[in-house]
Amino acid sequence: LPLDAFVESFCQSRTRSHVCRTQLEKLQELLQK
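If you're matching positions, the sequence shown starts at 190 in the numbering used here and goes up one per residue.
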């Protein structure tokens, strides 16, 4: 599953882009561990 495609789809479903970005940063940290 392409992460970029998931991110775009997830962000588009959210009305607040900054909230989405914050969640994505947390998600990336979890994936790196």
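C-beta atoms are modelled at their ideal positions from N, C-alpha and C, and glycine is treated no differently.
Model, not experiment: these values are computed from the prediction.
Spatial neighbours of residue i in its chain, beta-carbon cut-off 6 Å, leaving aside the 5 residues before and after
i, result
"residue 219", "none"
Cβ-based neighbour list, residue i, same chain, cut-off 7 Å, excluding 5 preceding and 5 following
i, result
"residue 199", "209"
"residue 213", "196"
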